Amino acid sequence: MPLEHLPDLLLAIFDLPFRDGYVSSIIFVSLYVSVVAVTLSTLFSIPVAIAMGFSEFPGKQFAKSVVNTGMGFPSVAVGLLVLFAVSNQGPLGPLELVFTKEAMIMSQFVLATPPITAISLAAITGVNQNVRDTARVLGGTRLDVALVVLKEARYGIATAILAGFGRAISEVGSVLIVGGNITGADGISKTRTLTTAIQLEARQGQYGTAMVLGGILVALVLLVNAIVVRFGDVGVQR
Amino acid sequence: MLRATDIARTYGDENVLEQLSVTVDAGEVVAVIGPSGVGKTTLLRTLALFDEPEAGTVEFDGTDAWAVDDDERLGLRRRIGMVFQAASLFDASVARNVEYGLRIRRSWRDRVRSELHSLVRSNGTADAVRESLDVVGMADEMAAHAGSLSGGEAQRVSFARALAYDPDVLLLDEPTSDLDPRNTAVIEDAIAEARERGIGVVVATHDMHQAERVADRVAVLLADSITEVAPTDVIFQNPSDDRTKQFISGELVY
Numbered sequence: 202m203p204l205e206h207l208p209d210l211l212l213a214i215f216d217l218p219f220r221d222g223y224v225s226s227i228i229f230v231s232l233y234v235s236v237v238a239v240t241l242s243t244l245f246s247i248p249v250a251i252a253m254g255f256s257e258f259p260g261k262q263f264a265k266s267v268v269n270t271g272m273g274f275p276s277v278a279v280g281l282l283v284l285f286a287v288s289n290q291g292p293l294g295p296l297e298l299v300f301t302k303e304a305m306i307m308s309q310f311v312l313a314t315p316p317i318t319a320i321s322l323a324a325i326t327g328v329n330q331n332v333r334d335t336a337r338v339l340g341g342t343r344l345d346v347a348l349v350v351l352k353e354a355r356y357g358i359a360t361a362i363l364a365g366f367g368r369a370i371s372e373v374g375s376v377l378i379v380g381g382n383i384t385g386a387d388g389i390s391k392t393r394t395l396t397t398a399i400q401l402e403a404r405q406g407q408y409g410t411a412m413v414l415g416g417i418l419v420a421l422v423l424l425v426n427a428i429v430v431r432f433g434d435v436g437v438q439r
Numbered sequence: 027m028l029r030a031t032d033i034a035r036t037y038g039d040e041n042v043l044e045q046l047s048v049t050v051d052a053g054e055v056v057a058v059i060g061p062s063g064v065g066k067t068t069l070l071r072t073l074a075l076f077d078e079p080e081a082g083t084v085e086f087d088g089t090d091a092w093a094v095d096d097d098e099r100l101g102l103r104r105r106i107g108m109v110f111q112a113a114s115l116f117d118a119s120v121a122r123n124v125e126y127g128l129r130i131r132r133s134w135r136d137r138v139r140s141e142l143h144s145l146v147r148s149n150g151t152a153d154a155v156r157e158s159l160d161v162v163g164m165a166d167e168m169a170a171h172a173g174s175l176s177g178g179e180a181q182r183v184s185f186a187r188a189l190a191y192d193p194d195v196l197l198l199d200e201p202t203s204d205l206d207p208r209n210t211a212v213i214e215d216a217i218a219e220a221r222e223r224g225i226g227v228v229v230a231t232h233d234m235h236q237a238e239r240v241a242d243r244v245a246v247l248l249a250d251s252i253t254e255v256a257p258t259d260v261i262f263q264n265p266s267d268d269r270t271k272q273f274i275s276g277e278l279v280y
């Protein structure tokens, strides 16, 4: 952003040129889509990571490679695939999900799942074998051993979820394709997120407002990180 | 009480243990001595019902541990405590570490209730936790985080953790090999305390002086089998096996 727009930025903080409820609605859409997608992804990824981390099977290395490769999926390609899936001719066409939050959740789910799975798996397999042996030799069942490993890996798993959340909430390409960056006639966001709004404002030359929205996005990510780290610290004290 | 008869274990093509027999009774300390890498850890893991022997039997009070179902074997395993060479404490407080064995023996309903209760207020410390920490002189460190302990302190807590649930047999794998003399003395006193409580103790060590200090009987493990098992004074003063004689005198070096 050109520096001469800095005064505009300061003005924009106090005088956002938006209708009432616009900013809060795009914050809500951003959080709603990302939190739901990451929650679903976590519910899917952690059991997969546990299953992979606690078992040996043919093709395990290949499966890990696939998951790791998934971390590099281009988001626009994911958006395009989800768009094909939910379009009228696609397998999910009858559900009429094009340009809806649900379609955005689907694309963010696909994007967040590989990092959450891969980092959780690395955290679980990184727990020292001695810890597993100790839990077992003290009389633990398989479930007890698994719980101990999960507890020891909790920071890594929290990092995985944060990485997934970071990827989801900061994502532009796929949510633009499947969500459409739509607001209603009343100016309230339907599928517009902070990232797509920033992209729109910057394209229109409204750098000040784009920066304010960017600041809100960064603050949200920091807030979520702080909450997760705080929970981790409470866990350690016990 | 715990008896291994003619057990064998291999890793790949290599025999680690072959036709090896050893027993431990209540209130008895048996030291397994031998050079590093001879299979002492493998023997203890087999005695702990951790790994199934490829041949032979491991009996606990007359029950063949590998002839019963998983639940019954878990019940037998829960009567055994083991301390590894490396302390490997969990990432939690000393008290939480020591109460682990007690916690997992409770019903799931109790465990969940206790966990939920601990979110609001402390559940207090079980007497067994305090007593076992007292045995190793760590009762004052109950609230400390495991990560803040020295190696010797961590090993003492590790010993207390195995003692807390009052096992019938305690297996110690080189418990003092990385410790200074003070911490070693604490562990050796704790072994004596365990014997006083009627616990059968098997301690694997390459420190012959330690075996002489703590054990009632000594089993000498050389190569892949036990060459001789006898009362401690017999092993060190009048061993009958030639290889044992050479090992005790320091002539047989691996």
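In the order they appear, the protein sequences are chains A and B. My numbering applies: residue 202 is where the first sequence begins, and numbers increase by one. My numbering applies: residue 27 is where the second sequence begins, and numbers increase by one. No residue lacks a Cβ here, since even glycine has one placed at the ideal position from N, Cα and C. These numbers were taken from a predicted model, which means no experiment stands behind them.
Mapping the DSSP letters down to three states, classify residue i as helix, strand or coil.
i               : result
Q438 of chain A : With a pLDDT of 48 at Q438 of chain A, under the threshold of 50, the modelled position of this residue cannot be trusted; read the value that follows with caution. If DSSP states are grouped into helix, strand and coil, Q438 of chain A belongs with the helices.
N41 of chain B  : strand
L175 of chain B : coil
R137 of chain B : helix
E254 of chain B : strand
R129 of chain B : helix
L232 of chain A : helix
A230 of chain B : strand
A57 of chain B  : strand
T392 of chain A : coil
I33 of chain B  : strand
S47 of chain B  : strand
D90 of chain B  : strand
T151 of chain B : coil
The beta strand (DSSP E) spanning residue i covers which residue range?
i               : result
G82 of chain B  : 81–86
I106 of chain B : 106–109
A245 of chain B : 243–248
A118 of chain B : No beta strand (DSSP E) contains A118 of chain B, which DSSP labels as neither H nor E.
L197 of chain B : 195–199
Starting from the beta carbon of residue i, find every residue of chain B whose beta carbon is closer than 7 Å, and list them in chain order.
i               : result
V349 of chain A : F116
N329 of chain A : S114
D221 of chain A : Chain B residues near D221 of chain A: none, gap ~40 Å exceeds 7 Å.
D345 of chain A : I130
Taking residue i as the query, report the chain B residues whose CB atoms sit under 8 Å from its CB, ordered along the chain.
i               : result
D334 of chain A : F76, F110, S114
E353 of chain A : F116, D117
Determine the closest residue to residue i out of the options, with distance taken between C-alpha atoms.
i               : options                        : result
A241 of chain B : B:A249, B:L69, B:S251, B:A220  : B:A220
E214 of chain B : B:V161, B:L175, B:E254, B:S119 : B:V161
V267 of chain A : A:V350, A:R431, A:T314, A:M307 : A:T314
I252 of chain B : B:A230, B:E40, B:F76           : B:A230
E54 of chain B  : B:V183, B:E141, B:A180, B:V244 : B:V244
I317 of chain A : A:A336, A:L298, A:G341, A:R355 : A:R355
D221 of chain A : A:Q405, A:A403, A:S390         : A:S390
A30 of chain B  : B:L175, B:D39, B:F110, B:V50   : B:V50
D199 of chain B : B:T258, B:H232, B:R208, B:E277 : B:H232
V429 of chain A : A:P259, A:V350, A:I228, A:L363 : A:L363
A52 of chain B  : B:A93, B:L28, B:P207, B:F110   : B:L28
D259 of chain B : B:V56, B:E125, B:S47           : B:V56
H235 of chain B : B:A34, B:P207, B:V255          : B:P207
At 7 Å on the CB atoms, spell out the chain A contacts of residue i, in chain order.
i               : result
L205 of chain B : Near L205 of chain B there are no residues of chain A at all, since even the closest Cβ is about 17 Å away, more than 7 Å.
R131 of chain B : G340
L100 of chain B : T342
Rounded to the nearest angstrom, how far is the Cβ of residue i from that of residue j, given a contact under 8 Å?
i               : j               : result
G367 of chain A : S321 of chain A : 15 Å between Cβ atoms; not a contact.
V155 of chain B : A121 of chain B : 6 Å
S203 of chain B : A186 of chain B : About 19 Å; that fails the 8 Å criterion.
V241 of chain A : F310 of chain A : The question names Val, but residue 241 of chain A in the sequence shown is Leu. Sure, about 5 Å apart at Cβ, within 8 Å.
I225 of chain B : P193 of chain B : 6 Å
I378 of chain A : V277 of chain A : 7 Å
L75 of chain B  : R103 of chain B : 5 Å
Could you name the residues of chain A that residue i contacts, counting a contact when the two beta carbons are closer than 8 Å?
i               : result
G283 of chain B : No information on residue 283 of chain B is available, as it lies outside the stretch 27 to 280 that chain B covers here.
R104 of chain B : G340
Terminal residues of the continuous alpha helix (DSSP H) containing residue i?
i               : result
A74 of chain B  : Careful: A74 of chain B lies outside any alpha helix (DSSP H) and carries neither H nor E.
F351 of chain A : In the sequence as presented, Phe is not what sits at residue 351 of chain A; that position holds Leu. Residues 343–353.
V379 of chain A : 374–380
L401 of chain A : 395–404
V212 of chain B : 207–222
V311 of chain A : 302–326
L282 of chain A : 276–287
G271 of chain A : 261–271
Would you say the beta carbon of residue i comes nearer than 7 Å to a heavy atom of the ligand GDP?
i              : result
D97 of chain B : In terms of ligand content, the structure shown is empty, and the ligand GDP therefore cannot be addressed.
Against residue i, what residues of chain A qualify as contacts under a CB-to-CB distance less than 9 Å, listed in chain order?
i               : result
R187 of chain B : T335, L339
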